[in-house]
């Protein structure tokens with residue numbers, strides 16, 4: 028007798044759940060990359076602020092600071108500080124979005140795992156039924172052989 032292959036009746040749903048989990052992973056990876064980019068921008072702005080302050084100190088020490096520069100440097104420093112604060116807000120927002128995305132990923136993974144466990148149980152049940160059929164056939168063969176003898 029030809030062996031039937033196991034066919035999981037919810038396979039398409041399982042495949043959709045697997046794809047949904049992959050999509051959530053990709054979204055999380057993009058958010059993490061975006062957060063890293065924002066952190067790099069913040070680091071660049073902080074370095075820019077240090078450079079501006081150093082340039083101001085050098086010009087003050089050399090006495091090459093004119094009245095326009097005296098007004099420009101504090102305004103520029105405050106502007107860069109504002110940019111840094113904005114970057115910090117973006118980073119915090121992304122941190123929240125990353126936490127939410129991790130939750131979504133966890134939910135998608137749990138759904139996939141639920142269908143995979145269901146598939147395993149279905150396959151075990153199917154194997155038990157096949158084994159039961161084989162045992163029944165062996166019993167029938169043994170009975171026929173015994174009846175002939």
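Residue numbers (our numbering): 28 to 176. Even for Gly, the Cβ is constructed at its ideal location relative to N, Cα and C.
For the alpha helix (DSSP H) containing residue 50, list its first residue and its last residue.
-> Segment 38-89, the alpha helix (DSSP H) holding residue 50.
Measuring alpha carbon to alpha carbon, tell me which of 154, 111, 82 ends up nearest residue 99.
-> 82
Burial state of residue 70, where buried means 16 or more other Cβ atoms lie within 10 Å = exposed
At which residues does the alpha helix (DSSP H) containing residue 108 begin and terminate?
-> 94-175
Compare the Cα-Cα distances from residue 49 to each of 104, 75, 132, 105 and report the closest residue.
-> 132
With distances taken between CB atoms, is the gap from residue 61 to residue 121 smaller than 9 Å?
-> Residue 61 is a Cβ neighbour of residue 121, given a cutoff of 9 Å.
Whole-angstrom C-beta distance between residue 86 and residue 74, which should lie under 8 Å | So it is not a contact: roughly 19 Å between Cβ atoms.
Whole-angstrom distance between residue 130 and residue 47, CA atom to CA atom = 13 Å
Quick one: what's got a C-beta closer than 6 Å to residue 11's C-beta in the same chain, skipping five residues either side?
-> Residue coverage of the chain in this structure runs from 28 to 176, which leaves residue 11 outside it and unanswerable.
Exposure of residue 65, with buried meaning 16 or more beta-carbon neighbours within 10 Å | Its Cβ being crowded by 16 or more others within 10 Å, residue 65 is buried.
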